Amino acid sequence: MNKNWKQKKMLQQPNWPSDDLVPILEQIQSYPNLVSIKEIKSLKQHLVNASQGEGFIIQGGDCAETFIDFNATMIENKLKILLQMSAIIQYITKTNIIRIGRIAGQFFKPRTNEFEIRNNLKLPSYRGDGINSLEFSKEARKHNPKRLLQSYHQSAATMNLIRNLTMTGYAHINNIKSWNFSPLENTEYVKKYNMIAKQIQDILTFTHHGNNSLFPNLLYNTVFTSHEALVLDYENAFIAEENKKYYDCSGHMLWVGDRTRFIGSAHIEFVSQIENPIGIKIGPKISIDDILLLCQKINPQNQHGKISFIIRLGINYMQDLLPKLIDEVEKHSLNVLWLCDPMHGNTILTDKGIKTRNFDTIKKEIELFFQIHNQYGTIPGGLHFELTGDSVTECIGGIKNIQHQDLDEYYQTACDPRLNNEQSLEMAFLTAELLQKRRNNSE
Ligand code: PEP
Ligand code: CO
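Under my numbering, read the sequence shown as residues 141 to 583, first letter to last.
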């Protein structure tokens with residue numbers, strides 16, 4: 141793979157001494173890759189199908205994975221919520237759901253502000269555990285390349301558990317009972333979920349387990365991995381070649397963030413040289429003229445499933461901009477998979493300066509996403525969430541109607557606010573309803 145990307149404008153990179161960095165990168169390069177080329181190709185095929193209306197993507201996980209929140213239960217919970225959401229949508233809509241975690245590599249964060257000031261002390265912003273620490277001290281906020289090694293090892297151990305759970309049948313639909321919520325957690329959506337889980341179980345028992353065509357993709361279940369391809373030196377250490385084609389084997393799908401996806405950026409150059417499916421975050425500052433250029437650069441052969449536009453416009457821009465984006469894509473017959481990230485355009489600060497998002501606003505953006513695609517006859521291919529299987533209080537609203545004053549109760553995220561387990565289930569029911577409505581209208 142050529143190194144053209146090194147000559148391009150590269151924003152949001154750590155500043156650590158290259159003498160320290162080089163041996164670490166060499167070490168990572170010599171380690172086994174985290175995912176295989178075969179798996180990347182398999183995800184790509186799923187995305188081809190979803191881009192043509194056969195299947196739907198649920199992508200989700202932490203805004204930022206951390207070194208401290210790293211144990212088997214937490215990883216299991218992250219998988220469980222994705223499995224529960226897909227079981228709900230798949231059961232109600234009979235649509236194949238493809239699960240992609242923001243997991244096993246989401247350690248690097250682009251930041252709007254380079255510095256953070258607290259009590260007159262100005263320190264570098266937190267940039268993800270792969271770069272520095274959330275702790276607010278001079279030493280902790282230094283960019284430290286040794287953290288790349290820890291990111292690698294944690295990703296590898298996370299992959300190990302994901303593969304283990306998949307291989308031992310945890311993620312198999314027959315095991316749906318063990319993804320149940322305890323009867324003590326009996327909100328409306330948990331009850332609804334437990335009921336659906338029971339129905340699925342009954343069907344499986346009735347059909348003597350297994351090969352039920354209702355759940356083709358849930359049977360031999362996979363959770364694919366994804367993260368933002370931000371620190372290019374790190375990503376470059378995972379490049380594998382097959383037949384003169386290059387794959388970034390740090391994760392199955394990679395995305396380029398809204399701050400680094402400009403034309404001529406090092407990030408766009410880098411991802412244009414790899415075969416992985418690529419997500420491009422699209423925020424309200426997008427120039428419509430960039431759409432064609434981005435597609436020509438990253439997907440010159442206009443393959444299906446190669447590019448996903450992850451729309452994160454926010455409800456204030458959605459109605460105005462999404463139609464323009466769709467028009468541009470249609471005008472040039474570009475093949476893209478439309479995903480909606482209803483989180484990042486809708487972040488607000490409370491009076492106390494806590495970052496949060498309102499459940500109803502997130503819901504509204506998803507509804508607009510479906511509504512506009514229905515109107516244009518284009519395909520809403522999936523959703524991208526920041527969520528967790530734990531009962532955090534980070535986003536306001538939802539079934540328990542979390543209020544501003546409740547946020548302190550269990551606010552755990554290292555970066556952006558995530559939907560908690562119940563809010564995620566509620567989103568899954570909403571998504572199922574929207575997909576179902578779409579199907580009924582087109583019949
Ligand atoms: C993110 O996904 O956490 C993120 C920073 O997104 P964006 O690039 O859309 O702001
Ligand atoms: Co985020």
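The C-beta atom is built at its ideal place from N, Cα and C for all residues, glycine as well. Here the structure is a predicted model, which means the values were calculated and not measured.
Cβ-heavy atom distance, residue i to the ligand CO, below 6 angstroms
i           : result
residue 435 : no
residue 556 : yes
residue 203 : yes
Cβ-heavy atom distance, residue i to the ligand PEP, below 6 angstroms
i           : result
residue 421 : yes
residue 452 : yes
residue 128 : The structure shown does not extend to residue 128, since the chain spans only 141 to 583, so no value can be given for it.
residue 530 : no
residue 342 : no
residue 429 : no
residue 407 : no
residue 397 : yes
residue 293 : no
Residue(s) in a DSSP beta bridge with residue i
i           : result
residue 388 : 379
residue 395 : 368, 419
residue 471 : DSSP output for residue 471 lists no bridge partner at all.
residue 149 : 405
Reduced DSSP secondary structure (H/G/I, E/B, other) of residue i
i           : result
residue 630 : Because residue 630 is not part of the residues shown, which for the chain are 141 to 583, the question remains open.
residue 264 : strand
residue 367 : strand
residue 224 : helix
residue 427 : coil
residue 452 : coil
residue 230 : helix
residue 258 : strand
residue 558 : coil
residue 199 : strand
residue 144 : helix
residue 242 : strand
residue 414 : coil
Through-space distance from residue j to residue i, alpha-carbon basis
i           : j           : result
residue 167 : residue 205 : 22 angstroms
residue 381 : residue 141 : 8 angstroms
residue 366 : residue 398 : 16 angstroms
residue 538 : residue 172 : 42 angstroms
residue 418 : residue 477 : 10 angstroms
residue 170 : residue 239 : 29 angstroms
residue 566 : residue 387 : 36 angstroms
residue 186 : residue 222 : 17 angstroms
residue 479 : residue 326 : 31 angstroms
residue 430 : residue 160 : 37 angstroms
residue 175 : residue 304 : 14 angstroms
residue 551 : residue 504 : 24 angstroms
residue 154 : residue 274 : 15 angstroms
residue 423 : residue 485 : 7 angstroms
residue 558 : residue 279 : 28 angstroms
7 angstroms Cβ cutoff, residue i in contact with chain D
i           : result
residue 210 : Looking at the structure shown, chain D is missing, and only one protein chain is on hand.
Residue i: CB within 6 angstroms of a non-hydrogen atom of the ligand ZN
i           : result
residue 200 : Among the ligands in the structure shown, the ligand ZN does not appear; only the ligand PEP and the ligand CO can be found there.
What are the complete alpha helix (DSSP H) segments, minimum 4 residues, inside the stretch 478–545? 499–516
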